[in-house]
Every structure is written in C-alpha cells, then in structure tokens.
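Residues 1449 to 1598, numbered by the working numbering, are exactly what the sequence shown covers, in order. C-beta: ideal position from N, C-alpha, C; glycine also. Everything on this sheet refers to the single structure shown next.
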Amino acid sequence: MATKALRTGKYNYTTVCKGCGQSFVYYRNTPLSGNQQRDDPRRYCDVCLPNYSGMNGSLHMRRELFYTTKDGYRMVRQNGGNLVSEHRMVMEQVLGRPLVKGESVHHKNGRREDNRPDNLELWLKPQQLAGQRASDVVCPHCGKPYSSPL
C-alpha cells in the first residue's frame, strides 16, 4: 500500500527483496494501480539490485553476471562475453573438451538450477530416439566408455 510522502511529493511503497528477503521502501512519482501493486515492479533492494539482471531476469543484464531463462536454465558469460548454459559449461569442464553435436546434458534430480558435476549426466541424442546415457555407450574401436575424457 502506498503512502504519500508530504515533503517529497512521492509515493512510498514497501516490498520484500527477492534477493535477500529483507523488506525495503522505494519511491515513485506516480501511484501504482491495483494490478501494478500486486505484481510489484520493484523486485530487489538497492543492495541486491546491482547483482541481478533487472526486472524479472530480463536480457538487459550486467555483462559480468548471469540470468535465469524462463525455462529455468542458468545462463552465464564465458571469457569472450558469449552467453552459455551453465550446465553445458560445467559438463565441458568435467570432460575436458567441448560438447559435440548430438550430446546433451541431463540433470539427474530434475532441478535445472542444480549444476553440480555429480548431478549432471551426458546423454547422446540420436534423432530417432529420445536419448541414451553416454555412460552406457562404448567406443566400437577402443572400448572406452563414451563419457570418459579423451
């Protein structure tokens, strides 16, 4: 609910920060309608705001940070400034090589924000099948499991 500040002529709003969970007050020159108050446009306090990408994880992000897509995947910037999926980047580091076409990374527990190496598996994605664990496939030439680093 808004209260009008007498001295500044601005409207004060109190909300809870999505970053740290603390309540904070912010100001607007114009009042918010009922729907705008329900879907509060200010999501982060002034302390947390520099660490987040802006309103609701939009693509207008600071260059050194990350954001979460609508699908729940965390995107991070690599050294060159390119955005990559964090789970794919972690799997490439585990394997010691880049992923190739037809490989995908699966979250074992189904939580897309959990990108620990022990929660990720490499899957092969033939176009006819839904997918197959890479650890179940061996190289026909050398007999090594497909997921072992080369």
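Assigned secondary structure, R1564 (DSSP; H/G/I helix, E/B strand, else coil): coil
Extent of the continuous alpha helix (DSSP H) to which L1531 belongs: Run containing L1531: none in the alpha helix (DSSP H); it sits in the beta strand (DSSP E), L1531 to S1533.
Distance CB(H1589)-CB(E1569) smaller than 8 Å: no
L1572 - DSSP class collapsed to helix/strand/coil: strand
Counted within 10 angstroms of its Cβ, other Cβ atoms place Y1475 as buried (16 or more) or exposed: exposed
Beta-carbon proximity list for N1681, same chain, < 6 Å, skipping 5 on both sides: This structure cannot speak to residue 1681, because the chain is shown only from 1449 to 1598.
Span of the beta strand (DSSP E) around V1473: For V1473, the uninterrupted beta strand (DSSP E) segment begins and ends at S1471 to R1476.
C1493, buried or exposed, once every other Cβ within 10 Å from all chains shown has been counted against 16: Here C1493 is buried: its Cβ has 16 or more other Cβ atoms, across all protein chains shown, within 10 Å.
Per DSSP, the bridge partner or partners of V1553: L1570
Rounded separation between S1471 and N1460 - CA only: 13 Å
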